[in-house]
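As given, the protein sequences belong to chains U and R, one line each in that order.
Using the working numbering, read the first sequence as starting at 648 and increasing by one per residue.
Using the working numbering, read the second sequence as starting at 648 and increasing by one per residue.
Below you'll find the structure, written out as structure tokens, and then a few comments.
Number of protein chains: 2
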Amino acid sequence: MPYGCRVTHPSPDPSRLRPAGLATRTAIEDAARTLFAERGFDGASVRGIAGEAGVDPALVIRHFGSKEALFLRTVDTSLGIGSVLDGPLEDVGRRLVAYFLDPARPVIRQRYVALAQAAHHDQVREEMNRHTAETYVAPLAPRLAGADAELRVALAVAQLAGLLDLLFLQRDPILTAADPAAVIATYGDAIQRLLTPPGPEDA
Amino acid sequence: MPYGCRVTHPSPDPSRLRPAGLATRTAIEDAARTLFAERGFDGASVRGIAGEAGVDPALVIRHFGSKEALFLRTVDTSLGIGSVLDGPLEDVGRRLVAYFLDPARPVIRQRYVALAQAAHHDQVREEMNRHTAETYVAPLAPRLAGADAELRVALAVAQLAGLLDLLFLQRDPILTAADPAAVIATYGDAIQRLLTPPGPEDA
DNA sequence: GTCTATACGCGGATAGAC
DNA sequence: GTCTATCCGCGTATAGAC
Numbered sequence: 648m649p650y651g652c653r654v655t656h657p658s659p660d661p662s663r664l665r666p667a668g669l670a671t672r673t674a675i676e677d678a679a680r681t682l683f684a685e686r687g688f689d690g691a692s693v694r695g696i697a698g699e700a701g702v703d704p705a706l707v708i709r710h711f712g713s714k715e716a717l718f719l720r721t722v723d724t725s726l727g728i729g730s731v732l733d734g735p736l737e738d739v740g741r742r743l744v745a746y747f748l749d750p751a752r753p754v755i756r757q758r759y760v761a762l763a764q765a766a767h768h769d770q771v772r773e774e775m776n777r778h779t780a781e782t783y784v785a786p787l788a789p790r791l792a793g794a795d796a797e798l799r800v801a802l803a804v805a806q807l808a809g810l811l812d813l814l815f816l817q818r819d820p821i822l823t824a825a826d827p828a829a830v831i832a833t834y835g836d837a838i839q840r841l842l843t844p845p846g847p848e849d850a
Numbered sequence: 648m649p650y651g652c653r654v655t656h657p658s659p660d661p662s663r664l665r666p667a668g669l670a671t672r673t674a675i676e677d678a679a680r681t682l683f684a685e686r687g688f689d690g691a692s693v694r695g696i697a698g699e700a701g702v703d704p705a706l707v708i709r710h711f712g713s714k715e716a717l718f719l720r721t722v723d724t725s726l727g728i729g730s731v732l733d734g735p736l737e738d739v740g741r742r743l744v745a746y747f748l749d750p751a752r753p754v755i756r757q758r759y760v761a762l763a764q765a766a767h768h769d770q771v772r773e774e775m776n777r778h779t780a781e782t783y784v785a786p787l788a789p790r791l792a793g794a795d796a797e798l799r800v801a802l803a804v805a806q807l808a809g810l811l812d813l814l815f816l817q818r819d820p821i822l823t824a825a826d827p828a829a830v831i832a833t834y835g836d837a838i839q840r841l842l843t844p845p846g847p848e849d850a
């Protein structure tokens with residue numbers, strides 16, 4: 648064993664060898680989806696994904712070009728928000744917070760962590776910015792009254808991202824221990840006020 | 648040159664050799680502060696810091712235990728907010744946003760990026776949570792009227808973090824292009840409402 | 001075209017001689 | 001305390017077998 652650089656994957660474990668052929672790409676994509684979700688972008692290695700898929704690590708790069716490109720191909724940057732924004736504008740703030748806090752959707756948390764970890768790659772960053780513009784700003788800004796509609800939507804997205812950041816990445820103890828209903832009410836209303844500031848005639 | 652694994656640092660560049668002796672730790676700390684600020688946590692390598700300090704890379708680990716420990720030792724996790732929170736409670740929201748957006752304080756941006764990149768290390772995360780509790784929650788929560796004072800401060804911190812995240816890490820184009828004065832007013836007031844919600848007798 | 005084997009250059013971290 | 005020589009893992013590249 649002359650070299651110290653590659654010792655880990657002597658051969659792709661014959662017990663899980665692919666039947667060879669065209670399904671290789673799919674196997675890699677499936678393994679990537681699983682491992683990116685389980686371990687995040689940094690925690691999932693190209694070699695690990697290859698091992699899980701039963702292929703050679705070099706094939707992963709050969710097929711997808713880079714780890715970043717594989718990530719962009721497999722992980723859905725849209726977090727499934729579209730439907731949440733469709734409802735009435737008056738309580739979209741609370742609905743957004745409730746959507747992300749719903750314990751029945753643990754996938755959301757996984758995807759957010761993976762996306763945040765991958766955000767230092769330029770193309771992932773750009774995809775996320777594109778997603779913000781398309782998913783949040785484009786449908787929401789035209790429905791808002793008042794000045795700076797686009798800016799206010801962007802600020803609402805920032806506010807939402809901050810909550811997810813402290814909850815899912817930072818794991819702030821106060822927010823983690825807090826009653827979800829209180830967070831949904833307080834923070835949801837705060838987001839709401841950015842989008843539809845209460846007029847003076849409001850009770 | 649038999650091995651492919653280490654080719655980069657043949658020797659620590661005699662032109663910048665330390666005078667040897669006791670100042671080594673200080674030299675490493677200075678170099679670490681500089682490079683962590685310039686390139687962030689991931690971008691600054693132990694070998695790079697050692698080169699900048701004129702010492703052997705192994706010495707860095709020998710002295711500080713790990714890159715994470717060196718980071719915690721050198722980078723000030725407090726971002727100098729203490730004084731901002733001391734003033735009147737009525738407009739602390741705007742003051743906070745203005746403090747972080749002030750272009751005269753580019754160091755803030757650098758430190759935030761470095762901290763965020765290092766946040767996937769457990770000890771750095773814990774230090775940031777400790778910092779949030781000590782710097783924000785402890786001094787601010789007792790001054791707030793109403794229920795859930797601690798939670799509301801934590802939510803305000805989350806809201807602030809979201810803005811920094813989209814501005815400094817994500818580099819959202821809308822927020823980047825926005826008028827800072829508008830952001831300070833709109834977002835600062837939104838944070839303010841979490842801390843001191845306007846009563847019904849408010850004009 | 002697909003896949004294997006081997007390699008490169010980087011990263012953080014360690015053992016043990018001086 | 002300091003430094004040499006490694007170690008192992010990472011993402012990636014490439015030559016060449018099938």
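The beta carbon of each residue, even a glycine, is placed where N, CA and C say it ideally should be.
So, with DSSP's three-state summary, where would you put ARG818 of chain U?
Three-state result, ARG818 of chain U: coil.
To the nearest angstrom, how far is it from the Cα of ASP677 of chain U to the Cα of ALA705 of chain U?
So the two alpha carbons sit approximately 17 Å from each other.
Go through the stretch 693-718 of chain R residue by residue and report every complete run of the alpha helix (DSSP H) that reaches 4 residues or more, in order.
Runs found: 693-700 and 704-711.
Considering only their Cβ atoms, is the gap separating ASN776 of chain U from ASP819 of chain R smaller than 8 Å?
Closer than 8 Å, so yes.
Shortest alpha-carbon distance to ASP826 of chain U belongs to which of R:ARG772, R:LEU743, R:ALA801 and R:HIS768?
Checked all of R:ARG772, R:LEU743, R:ALA801 and R:HIS768; the closest Cα to ASP826 of chain U is R:ALA801.
Where does ASP749 of chain R fall in DSSP's three states?
Three-state result, ASP749 of chain R: coil.
Using the Cα positions of PHE747 of chain U and ALA780 of chain U, report the straight-line distance between them to the nearest angstrom.
In a straight line, the C-alpha of PHE747 of chain U is about 19 Å away from that of ALA780 of chain U.
Could you tell me the distance, in whole angstroms, from the CA atom of ARG756 of chain U to the CA atom of LEU762 of chain U?
Their backbone Cα atoms lie some 10 Å apart in a straight line.
Take the Cβ of ARG709 of chain U as the centre, count every other Cβ of all protein chains shown within 10 Å, and call the residue buried at 16 or more, exposed below.
The residue in question, ARG709 of chain U, is exposed, as its Cβ has fewer than 16 Cβ neighbours within 10 Å.
Got a sec? Which residues, its chain only, sit under 6 Å from ALA679 of chain R by beta carbon, not counting five neighbours each side?
Once the five neighbours on either side are set aside, the close Cβ partners of ALA679 of chain R are ILE696, LEU717 and THR721.
Buried or exposed: ARG871 of chain R, going by 16 or more other Cβ atoms within 10 Å of its Cβ?
The requested residue 871 of chain R is not part of the displayed model; chain R covers only 648 to 850.
Note down, in chain order, every chain U residue with its Cβ under 7 Å from the Cβ of GLN839 of chain R.
Within chain U, no residue comes near GLN839 of chain R; the closest Cβ sits about 10 Å away, beyond 7 Å.
Please identify the residue among U:ALA832, U:ALA828, U:ALA805 and U:SER692 whose C-alpha is closest to the C-alpha of VAL830 of chain R.
Closest option to VAL830 of chain R, Cα to Cα, is U:ALA805.
For chain R, is any of its Cβ atoms less than 8 Å away from the one on LEU719 of chain U?
Answer no: the Cβ-Cβ gap between LEU719 of chain U and chain R never drops below 8 Å.
For VAL739 of chain U, count neighbouring C-beta atoms within 10 Å of its own C-beta (all shown protein chains included) and say buried if the count is 16 or more, exposed if not.
Buried.
Do ARG758 of chain U and LEU732 of chain U come within 8 Å of each other at the CB atom, strictly closer than that value?
No, the pair does not count as a contact, with Cβ atoms beyond the cut-off.
Looking at the secondary structure, which residues open and close the alpha helix (DSSP H) in which GLY690 of chain R lies?
That run of the alpha helix (DSSP H) goes 671-690.
What does ILE728 of chain R touch in chain U if you count any residue whose Cβ is under 9 Å from its own?
Near ILE728 of chain R there are no residues of chain U at all, since even the closest Cβ is about 16 Å away, more than 9 Å.
Is GLN839 of chain U buried or exposed, if buried means 16 or more other CB atoms sit within 10 Å of its CB?
By the neighbour-count rule (16 or more Cβ atoms within 10 Å), GLN839 of chain U is buried.
Specify, as a first and last residue, the run of the alpha helix (DSSP H) that GLY729 of chain R falls within.
Unbroken alpha helix (DSSP H) run through GLY729 of chain R: 729-733.
Please confirm whether ILE740 of chain U has its beta-carbon closer than 8 Å to some beta-carbon of chain R.
Residue 740 of chain U is actually Gly in this sequence, not Ile. So, not an interface residue.
Which value, in whole angstroms, describes the spacing of the CA atoms of PRO735 of chain U and ALA792 of chain U?
Going from the Cα of PRO735 of chain U to the Cα of ALA792 of chain U covers about 14 Å.
In angstroms with no decimal places, state the Cα-to-Cα distance between PHE815 of chain R and ASP703 of chain R.
Taking the straight line joining both Cα atoms gives about 33 Å.
In whole angstroms, what separates the C-alpha of ALA824 of chain U from that of GLY701 of chain R?
One C-alpha to the other measures close to 47 Å.
What residues of chain U sit near GLU715 of chain R, judged by a beta carbon separation below 7 Å?
Those within 7 Å of GLU715 of chain R in chain U number zero; the least Cβ separation is about 14 Å.
Does any C-beta atom of chain U lie closer than 8 Å to the C-beta of PRO851 of chain R?
This structure does not reach residue 851 of chain R, given that chain R is present from 648 up to 850, and the question cannot be answered.
Output yes if chain R places a C-beta closer than 8 Å to the C-beta of TYR759 of chain U; else output no.
No - not a single Cβ of chain R is within 8 Å of the one on TYR759 of chain U.
Locate the alpha helix (DSSP H) running through ALA805 of chain U, then write down its first and last residues.
Start and end: 796-811.
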